[in-house]
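171 is the number of the first residue of the sequence shown in our numbering; add one for each residue after it. C-beta atoms are modelled at their ideal positions from N, C-alpha and C, and glycine is treated no differently.
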Amino acid sequence: MDRKLVLVVDDEPSIVIAVKDTLEINYDVITAKNGKEALKMIEKHNPDLVVMDIMMPDMDGFEAIKKLREEGKLLSTPVIFLSAKTGMADIEHGLELGGFDYITKPFSTSKLLKKVEETFQRLEIRKKIQQKKINE
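Next up, the structure:
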(Lines of atoms letter the chains of each structure in order from A; the text may use other names.)
(Lines give C-alpha, C1' and ligand atoms only; values in the text may rest on other atoms or scores of the structure.)
Protein backbone atom coordinates (compact mmCIF):
# COMPACT_ATOMS: atom_id res chain seq x y z
CA MET A 171 0.00 0.00 0.00
CA ASP A 172 1.27 3.46 -0.86
CA ARG A 173 2.27 5.74 1.97
CA LYS A 174 0.01 8.74 2.47
CA LEU A 175 1.48 12.21 1.95
CA VAL A 176 1.02 14.75 4.75
CA LEU A 177 1.78 18.46 4.40
CA VAL A 178 2.78 20.14 7.67
CA VAL A 179 2.41 23.94 7.68
CA ASP A 180 3.86 25.94 10.58
CA ASP A 181 6.23 28.89 10.92
CA GLU A 182 7.81 27.52 14.11
CA PRO A 183 10.72 25.20 13.20
CA SER A 184 10.55 23.23 16.47
CA ILE A 185 6.87 22.42 15.84
CA VAL A 186 7.60 21.36 12.26
CA ILE A 187 10.39 19.06 13.45
CA ALA A 188 8.24 17.53 16.20
CA VAL A 189 5.30 16.92 13.86
CA LYS A 190 7.50 15.65 11.03
CA ASP A 191 9.42 13.27 13.32
CA THR A 192 6.13 11.93 14.71
CA LEU A 193 4.40 11.41 11.38
CA GLU A 194 7.20 10.23 9.10
CA ILE A 195 7.28 6.84 10.79
CA ASN A 196 4.02 6.01 8.97
CA TYR A 197 3.65 8.74 6.35
CA ASP A 198 5.62 10.75 3.81
CA VAL A 199 5.87 14.33 5.08
CA ILE A 200 6.50 17.62 3.30
CA THR A 201 6.55 21.04 4.97
CA ALA A 202 5.71 24.70 4.40
CA LYS A 203 6.38 27.79 6.56
CA ASN A 204 3.16 29.72 5.89
CA GLY A 205 -0.11 29.71 4.02
CA LYS A 206 1.35 31.09 0.78
CA GLU A 207 4.01 28.40 0.69
CA ALA A 208 1.36 25.80 1.55
CA LEU A 209 -0.71 26.82 -1.50
CA LYS A 210 2.28 26.15 -3.75
CA MET A 211 3.05 22.82 -2.07
CA ILE A 212 -0.58 21.70 -2.38
CA GLU A 213 -0.65 22.63 -6.06
CA LYS A 214 2.59 20.73 -6.70
CA HIS A 215 2.16 17.65 -4.47
CA ASN A 216 -1.59 17.17 -3.83
CA PRO A 217 -1.19 15.85 -0.25
CA ASP A 218 -3.60 13.36 1.33
CA LEU A 219 -3.81 15.43 4.53
CA VAL A 220 -2.73 18.87 5.73
CA VAL A 221 -1.74 19.70 9.32
CA MET A 222 -1.81 23.51 9.49
CA ASP A 223 -1.06 26.19 12.06
CA ILE A 224 -3.27 29.26 12.08
CA MET A 225 -1.06 32.16 13.20
CA MET A 226 1.65 32.51 10.54
CA PRO A 227 3.22 35.40 8.62
CA ASP A 228 2.21 36.30 5.04
CA MET A 229 -0.96 34.16 5.04
CA ASP A 230 -2.48 32.51 8.10
CA GLY A 231 -4.09 29.08 8.16
CA PHE A 232 -7.64 30.42 8.06
CA GLU A 233 -6.88 32.51 4.95
CA ALA A 234 -5.12 29.57 3.29
CA ILE A 235 -7.96 27.09 3.76
CA LYS A 236 -10.54 29.68 2.72
CA LYS A 237 -8.61 30.43 -0.48
CA LEU A 238 -8.16 26.73 -1.24
CA ARG A 239 -11.83 25.93 -0.74
CA GLU A 240 -12.89 28.92 -2.87
CA GLU A 241 -10.61 27.76 -5.69
CA GLY A 242 -12.07 24.27 -5.48
CA LYS A 243 -8.84 22.76 -4.23
CA LEU A 244 -8.65 20.53 -1.18
CA LEU A 245 -12.41 20.01 -1.22
CA SER A 246 -11.96 16.40 -0.20
CA THR A 247 -8.55 16.74 1.46
CA PRO A 248 -8.79 16.90 5.24
CA VAL A 249 -7.12 19.75 7.12
CA ILE A 250 -6.26 19.39 10.79
CA PHE A 251 -5.58 22.73 12.44
CA LEU A 252 -2.78 22.74 15.01
CA SER A 253 -2.85 26.07 16.82
CA ALA A 254 -2.15 28.04 19.97
CA LYS A 255 -5.52 29.76 19.39
CA THR A 256 -7.52 27.91 22.02
CA GLY A 257 -10.71 29.98 22.15
CA MET A 258 -13.97 28.26 21.28
CA ALA A 259 -14.69 30.93 18.63
CA ASP A 260 -11.37 30.14 16.89
CA ILE A 261 -12.01 26.39 17.01
CA GLU A 262 -15.54 26.81 15.65
CA HIS A 263 -14.29 29.16 12.92
CA GLY A 264 -11.64 26.65 11.84
CA LEU A 265 -14.21 23.87 11.62
CA GLU A 266 -16.71 26.10 9.79
CA LEU A 267 -14.05 26.91 7.18
CA GLY A 268 -13.75 23.20 6.49
CA GLY A 269 -11.20 22.01 9.00
CA PHE A 270 -11.55 18.29 9.68
CA ASP A 271 -10.22 18.58 13.22
CA TYR A 272 -8.58 21.11 15.55
CA ILE A 273 -5.74 20.39 17.99
CA THR A 274 -4.58 23.05 20.42
CA LYS A 275 -0.95 23.79 21.33
CA PRO A 276 0.80 22.68 23.38
CA PHE A 277 -0.01 19.25 22.03
CA SER A 278 0.94 15.65 22.59
CA THR A 279 2.63 13.98 19.62
CA SER A 280 0.82 10.74 20.42
CA LYS A 281 -2.53 12.59 20.30
CA LEU A 282 -1.58 14.14 16.96
CA LEU A 283 -0.61 10.76 15.52
CA LYS A 284 -3.88 9.27 16.77
CA LYS A 285 -5.91 12.11 15.19
CA VAL A 286 -4.09 11.66 11.86
CA GLU A 287 -4.67 7.89 11.93
CA GLU A 288 -8.36 8.40 12.83
CA THR A 289 -8.74 10.89 9.99
CA PHE A 290 -7.38 8.41 7.44
CA GLN A 291 -9.60 5.66 8.89
CA ARG A 292 -12.70 7.85 8.59
CA LEU A 293 -11.79 8.71 5.00
CA GLU A 294 -11.39 5.02 4.18
CA ILE A 295 -14.79 4.23 5.69
CA ARG A 296 -16.37 7.11 3.75
CA LYS A 297 -14.75 5.85 0.55
CA LYS A 298 -16.08 2.31 1.11
CA ILE A 299 -19.60 3.62 1.76
CA GLN A 300 -19.51 5.72 -1.41
CA GLN A 301 -18.21 2.74 -3.40
CA LYS A 302 -20.96 0.53 -2.00
CA LYS A 303 -23.60 3.10 -3.03
CA ILE A 304 -22.16 3.24 -6.54
CA ASN A 305 -22.25 -0.56 -6.84
CA GLU A 306 -25.88 -0.82 -5.68
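Residue from the options with nearest C-alpha to residue i
i      : options                        : result
ASP223 : THR192, GLY269, ASP191, LYS243 : GLY269
GLU266 : ILE250, PRO276, LYS275         : ILE250
ASP172 : ASN196, LYS190, LYS206         : ASN196
SER246 : MET226, ASN216, LYS255, GLU262 : ASN216
ALA234 : PHE290, VAL186, MET211         : MET211
ASP181 : ALA254, LYS174, GLN291, THR289 : ALA254
Delimiting residues of the alpha helix (DSSP H) encompassing residue i
i      : result
ASP260 : 258-266
PHE290 : 279-305
The beta strand (DSSP E) enclosing residue i, as first and last residue numbers
i      : result
ASP271 : 271-274
Rounded distance between the beta-carbons of residue j and residue i, thought under 8 Å
i      : j      : result
THR279 : ALA188 : 6 Å
GLY257 : MET226 : Not quite, the Cβ-Cβ distance comes to about 18 Å (not below 8 Å), so this is no contact.
LYS284 : ILE273 : Contact flag wrong, Cβ pair sits at about 10 Å.
Environment of residue i [buried if 16+ CB atoms lie within 10 Å]
i      : result
LEU252 : buried
ALA208 : buried
LEU183 : In the sequence on display, residue 183 carries Pro and not Leu. Exposed is the call here.
ASP230 : buried
PRO248 : buried
GLY242 : exposed
Original post:
What beta strand (DSSP E) runs, 3 residues minimum, are completely inside the segment 202-251?
Top reply: 219-222
**OP:** Ignoring anything shorter than 4 residues or poking outside the segment 173-205, list the alpha helix (DSSP H) runs there in chain order.
**Re:** 183-193
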